[in-house]
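Residue numbers (the UniProt record's numbering), protein chains in the order written: chain W, 1 to 85; chain E, 1 to 725; chain C, 1 to 220.
Glycine included, each C-beta is placed from N, C-alpha and C at the ideal position.
What follows is a single structure, written as structure tokens, with notes after it.
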Amino acid sequence: MKKIELIVTLQEQVLDTQGEALDRAVAELGHNEVSNIRVGKVLYFDIAENDNEKIENIVKQLAERLFTNTVIETYEYKILDRETF
Amino acid sequence: MRFIEPTAQDIKEQKLYKEMGLTDTEYQKVIDILSREPNYTELGIFSVMWSEHCSYKHSKTFLKQFPTTGEHVLMGPGEGAGVVDIGDNQAVVFKVESHNHPSAVEPYQGAATGVGGIIRDIVSIGARPIGLLNSLRFGELTTANNRRLLRGVVSGIGGYGNCIGIPTVSGEVEFDSSYDGNPLVNAMCVGIIEHDKIQKGTAQGTGNKVIYVGLKTGRDGIHGATFASEELSEESDAKRPSVQIGDPFTGKKLMEATLEAIDMPELVGIQDMGAAGLTSSSSEMAAKGNSGMTLYLDKVPVREEGISPYEMMLSETQERMLLVVENGSEDKFLELFDAKELDSAVIGEVTDNDRLLLYFENELYADIPVMPLSEEAPEYILEEQEADKDEAREDYSNEDLENVFIQLISHPTHGDKSFIFDQYDSQVGANTVKESGFGSGVTRVEGTDKAISMAIDGKSRYVYADPYNGGKEVVAQTFRSIIATGATPLAMTDCLNYGSPENPIIYNQLSESTKGMAEACLALSTPVVSGNVSLYNENREGSILPTPVVGMVGLIDDVNFMKSSKVSEGDALYLVGELTPSFSGSQIEKILENRIRKTVRNIDLELEYKRGISLQRKLVNGEINKISPLGRGGLITKLAQLAGYFNLGIDVNVDVRKDLLFSEGASNYLVVAESGMDIEDAVEIGKLSGDKFSVKTKDFELIQSLIEIKAHWEGAIPSCMNYVD
Amino acid sequence: MKFAVIRFPGSNCDRDLYNAAIKSGAEADYVDYRETSLDNYDGVLIPGGFSFGDYLRSGAMASVAPVTAAIKKLADEGRPVLGICNGFQILTEIGLLPGALIHNDSHTFISRNESLKIVNNQTAFTDQYEHNENVIFPIAHGEGHYYCSDETYEILVKNNQIVLTYNNNPNGSRNDIAGIVNEAGNVCGMMPHPERALETLLGSEDGYRIFDSIAKWGDK
Chain W
1 MKKIELIVTL QEQVLDTQGE ALDRAVAELG HNEVSNIRVG KVLYFDIAEN DNEKIENIVK
61 QLAERLFTNT VIETYEYKIL DRETF
Chain E
1 MRFIEPTAQD IKEQKLYKEM GLTDTEYQKV IDILSREPNY TELGIFSVMW SEHCSYKHSK
61 TFLKQFPTTG EHVLMGPGEG AGVVDIGDNQ AVVFKVESHN HPSAVEPYQG AATGVGGIIR
121 DIVSIGARPI GLLNSLRFGE LTTANNRRLL RGVVSGIGGY GNCIGIPTVS GEVEFDSSYD
181 GNPLVNAMCV GIIEHDKIQK GTAQGTGNKV IYVGLKTGRD GIHGATFASE ELSEESDAKR
241 PSVQIGDPFT GKKLMEATLE AIDMPELVGI QDMGAAGLTS SSSEMAAKGN SGMTLYLDKV
301 PVREEGISPY EMMLSETQER MLLVVENGSE DKFLELFDAK ELDSAVIGEV TDNDRLLLYF
361 ENELYADIPV MPLSEEAPEY ILEEQEADKD EAREDYSNED LENVFIQLIS HPTHGDKSFI
421 FDQYDSQVGA NTVKESGFGS GVTRVEGTDK AISMAIDGKS RYVYADPYNG GKEVVAQTFR
481 SIIATGATPL AMTDCLNYGS PENPIIYNQL SESTKGMAEA CLALSTPVVS GNVSLYNENR
541 EGSILPTPVV GMVGLIDDVN FMKSSKVSEG DALYLVGELT PSFSGSQIEK ILENRIRKTV
601 RNIDLELEYK RGISLQRKLV NGEINKISPL GRGGLITKLA QLAGYFNLGI DVNVDVRKDL
661 LFSEGASNYL VVAESGMDIE DAVEIGKLSG DKFSVKTKDF ELIQSLIEIK AHWEGAIPSC
721 MNYVD
Chain C
1 MKFAVIRFPG SNCDRDLYNA AIKSGAEADY VDYRETSLDN YDGVLIPGGF SFGDYLRSGA
61 MASVAPVTAA IKKLADEGRP VLGICNGFQI LTEIGLLPGA LIHNDSHTFI SRNESLKIVN
121 NQTAFTDQYE HNENVIFPIA HGEGHYYCSD ETYEILVKNN QIVLTYNNNP NGSRNDIAGI
181 VNEAGNVCGM MPHPERALET LLGSEDGYRI FDSIAKWGDK
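What follows is the structure in structure tokens.
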């Protein structure tokens, strides 16, 4: 059993309106040094499998079929050492 | 497994009941009922059932004044919602409920679960919801926190209502600093049912099974019902876990499943698990059925292990219903719920022993007599004191009225509400004839020419100025909104939002205003069929204005008359009723003096009824094109709103002292019709025409371009919300 | 013509769409998302709403539902598929239509009567409208910003696949796009709700001709 952390964000060229609004809010808070906010989502899940190659296959397949829309989103993932939280 | 919790001894010695909101006397009463000291689970059950939210202990005495029966009333208060006949074996089901405290703590979820809760109330009667309404109060939008609350509440209402697919057809909102930190979120739902489908939340028939359906129980909102009855303090921030999370997707599945279950003859009773969750639904159903009930709590679907009976009984996890079904039919129901992908389980049965017995893995956790739990809730009559009266101010003609006017129409309370309404799906269901944006909503009853008119309103400044007459005015104002759609008002629901009743002046507001409301209900033939009370809406800064909110429904026999009632360029404007000085609680008083004078306000209910019904008939007959009741900000504000909404110029000349353009007396309407009509108590004051907003009196002249007026009106809320908070 | 009105858990315009189909003289059935065959139907209507709560992404979970393969098969055979609002989102998720629908630029839900233009009356969905005719359809969506790459946009233009545009872009959609068809012209998706615009009493009757057109699909 392994725990997976999958991070989904909008592709670079897709306008992230939420990120833009946050950019403005952060600037209004006086933090001009902060910019380029991108908002995404994180999925955590367990896979009852220990072979890393198999795990990667499963994750990639699911990420491209369901967890992300490859027209607008991109993803990266980590296999966490911890089994559960 | 035995859960580790305080013993009956600990509770007594450490007075733990106080933490749950019970007084020494109330604790003693529990002991008297049980003939022994309560254990932790039992104490929790008593504390939520005896909270204001569930027991109305401070308000019952006032609620008894309301007329609750009438020609059309099929079911009055006491069930999930009231039911009123609309002919052809159909009935309308409706109720309003507050979710003020949860929304103050977490505006999105607080508002969303408020909407979800009121929908389940309607669905548990067996009705299909056809419309949602909301009444909102916030502090002024000049502060970031109030903007955050507005954003959160509006997206929460939309988030739930849009997703579950019930149109939000009307609403109203006011911004006033008395609501700083104490926003009010009152949600109303209206549904349609056939007479023979009306369900009651009752548990009858020894051996019949109790079924749980909906989201798995978690530790959400434990003690939410008592939380809703406490003043907000710094510690409220730390109480964040109390807020429940709404799941409109499950809510939609649950709604459809419930409406199917209601068609099954084996269903005995059904009630939603709202405030105080499993506790109130189980004990109230047993009480109404004159039965006992035994629950096996280890059978309750749970989100995580180790949830104790105490937590289970008090959890306010959303999207759940409790059903009682005939013994032997339970599998039929479980199969239905399975097909709808909902969790469900048989968790107990109806007994003939008048006791609520709770077991967990064969161990008894509570043994409470059903009747005393709901019937012997404490009832308090507190000390009241009438506020000192102020001297009335009857003349504002020396003020810069043009400036007051601009301030009024560019204030969020009076300006265009598209910023809010556009976030609500008002047309899903494809029966919305008249959507929110300008008064009440109208939804056609599918497959018929009938339509239901629905409106919600509250006029707290009037109630503060004169609780007794102000109470009458709140009912009358909502009555006018229904009249304005051409509907015959049928009945109403109310939500009483006040500060702490332990303050004698607030207690007096409660007592006087409900007395006025009750008289208005009688005079206007709109009995009260359901309602809700929310007290302790105050913080260290002070209390909210007394804000009774009235939701009303009316019936339109044939909605097709609306096809021909159009407002267009060249139409004449009529003022119905005389303008007299009535400034206590008015908006001009707020803007110029930032206060409310406590003086007598006048309203003639007989005239109100007669005038209203006469205008309503004229509208339906096509003699007049539009009725628009005057409200906050008086005649001139209504003219500006009309101009902005229809994008039409105004050219009127009124034969009154100029400040009376801002007077807020009762029973006044603006009517749009052809020129030269004979309308009782009305004078023709001008027309809708041109590209100017021109209002004249003997001693006053205001002429501005329509574009400018429209910009003020449309920009009122957006210009405040431009900030990224 | 007999239409399947697909019902996902969370669909909430299914009745409106069904009523629209019936009103235009077609036959229609509600079809559960767990069905695997649509062989008995001449066309598919995918309603608006919040399928599977719109959790994860609008239309994401609906796109892997059992009925999806059958919808694709029916579309490949040239029979009409119309997806409205959430239905449009689902069609892009399935890949029957190009591009994607992302959050409105305002990040708020927008519901109102919207003025639109029929920019393509050469499709079997819009052949009863004048070219560039202005119509009023209600919109009601939180994720209605039509996004596509430059490359895709060029293809859409070249093949005349853009059907409906906003006159006052409410959500930031690329080039005001409100509705498109596939290259073959038998799959159409749009964010606005023509099924809510069937009678003047409710504000507009401009949507009726779409349903009248597809009800006569068999004659085309």
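Supposed close pair residue 528 of chain E, residue 68 of chain E - CB separation, criterion 8 Å: 6 Å
Selection of the region 32–65 of chain C by Cβ proximity to chain W, strictly under 8 Å: 56, 57, 60, 61, 63 and 64
Under a CB-based cut-off of 9 Å, is residue 10 of chain C close to chain E? yes
Tell me the rounded alpha-carbon separation between residue 276 of chain E and residue 666 of chain E. 40 Å
According to DSSP, residue 129 of chain E sits in a beta bridge with which residue or residues? E:191
Backbone secondary structure at residue 495 of chain E - three-state DSSP: strand
Against chain W, with Cβ distances strictly below 9 Å, would residue 188 of chain C count as a contact? no
Test item: CB-CB of residue 7 of chain E and residue 39 of chain E under 9 Å: Between residue 7 of chain E and residue 39 of chain E, the C-beta spacing is below 9 Å.
Report the three-state DSSP secondary structure of residue 186 of chain E (helix, strand or coil). strand
Residues that DSSP places opposite residue 653 of chain E in a beta bridge: Paired residue(s): E:696.
Establish whether the CB of residue 18 of chain W and some CB of chain C are separated by less than 9 Å. Contact with chain C is found for residue 18 of chain W, since one of that chain's Cβ atoms lies less than 9 Å from the residue's Cβ.
Name the DSSP bridge partner or partners of residue 368 of chain E? E:356
With burial defined as no fewer than 16 other Cβ atoms inside 10 Å of the residue's Cβ, what is the status of residue 673 of chain E: buried or exposed? buried
Would you say residue 341 of chain E lies against chain C (beta-carbon separation less than 9 Å)? By this cut-off, residue 341 of chain E is an interface position.
What is the DSSP secondary structure of residue 6 of chain C, reduced to helix, strand or coil? strand
Reducing DSSP to helix, strand and coil, say where residue 36 of chain E ends up. Here DSSP, grouped into helix, strand and coil, assigns residue 36 of chain E to coil.
Using a C-beta to C-beta distance shorter than 8 Å, which residues of chain C count as neighbours of residue 423 of chain E? 108, 109, 110 and 111
For residue 96 of chain C and residue 3 of chain W, what's the separation of their Cα atoms in angstroms? Cα-Cα distance, rounded: 34 Å.
Any C-beta of chain C sitting closer than 9 Å to the C-beta of residue 249 of chain E? Chain C, which has a Cβ nearer than 9 Å to the Cβ of residue 249 of chain E, makes this yes.
Of all the residues that make up the region 69–83 of chain C, which are near chain W by a beta-carbon distance shorter than 7 Å? none
Count the other CB atoms, across all protein chains shown, that sit within 10 Å of the CB of residue 33 of chain C; report buried if there are 16 or more and exposed otherwise. buried
Inter-residue spacing [alpha-carbon to alpha-carbon] between residue 320 of chain E and residue 337 of chain E: 12 Å
Count the other C-beta atoms from every protein chain shown that fall within 10 angstroms of the C-beta of residue 238 of chain E, then say buried if there are 16 or more, exposed otherwise. Only weak support exists for where residue 238 of chain E lies, its pLDDT of 43 falling under 50; the value from the coordinates is given anyway. Under this definition residue 238 of chain E is an exposed residue.
Under 7 Å (Cβ pairs) to chain W, residues found in the region 137–171 of chain C: Those would be 147, in chain order.
Reference residue 78 of chain C; option with closest CA among C:113, C:41 and C:105: C:41
Determine whether the Cβ of residue 720 of chain E lies closer than 9 Å to any Cβ atom of chain C. no
Among all the DSSP beta bridges, which residues are the ones paired with residue 729 of chain E? Shown here, chain E extends from 1 to 725; a query on residue 729 of chain E therefore has no answer.
Alpha-carbon to alpha-carbon, residue 61 of chain C and residue 52 of chain C: 6 Å
Taking 9 Å as the CB-CB cut-off, is residue 189 of chain E touching chain C? no
To the nearest angstrom, report how far apart residue 588 of chain E and residue 460 of chain E are at their CA atoms. 15 Å
Applying a beta-carbon distance threshold of less than 8 Å, which residues of chain C neighbour residue 563 of chain E? 200 and 201
Three CB pairs or more closer than 8 Å across the region 262–275 of chain E and the region 317–332 of chain E: yes
Using DSSP with H/G/I as helix, E/B as strand and the rest coil, what is residue 134 of chain E? In the three-state DSSP reduction, residue 134 of chain E falls in the strand class (E or B).
Identify the contact partners of residue 426 of chain E in chain C, using a Cβ-Cβ distance below 9 Å as the criterion. 111, 112, 138 and 140
Nearest to residue 709 of chain E by CA position, among E:656, E:638, E:654 and E:684, is which residue? Ranked by how close their Cα comes to the Cα of residue 709 of chain E, the residues E:656, E:638, E:654 and E:684 have E:638 in first place.
Buried/exposed call for residue 15 of chain C, threshold 16 Cβ in 10 Å: buried
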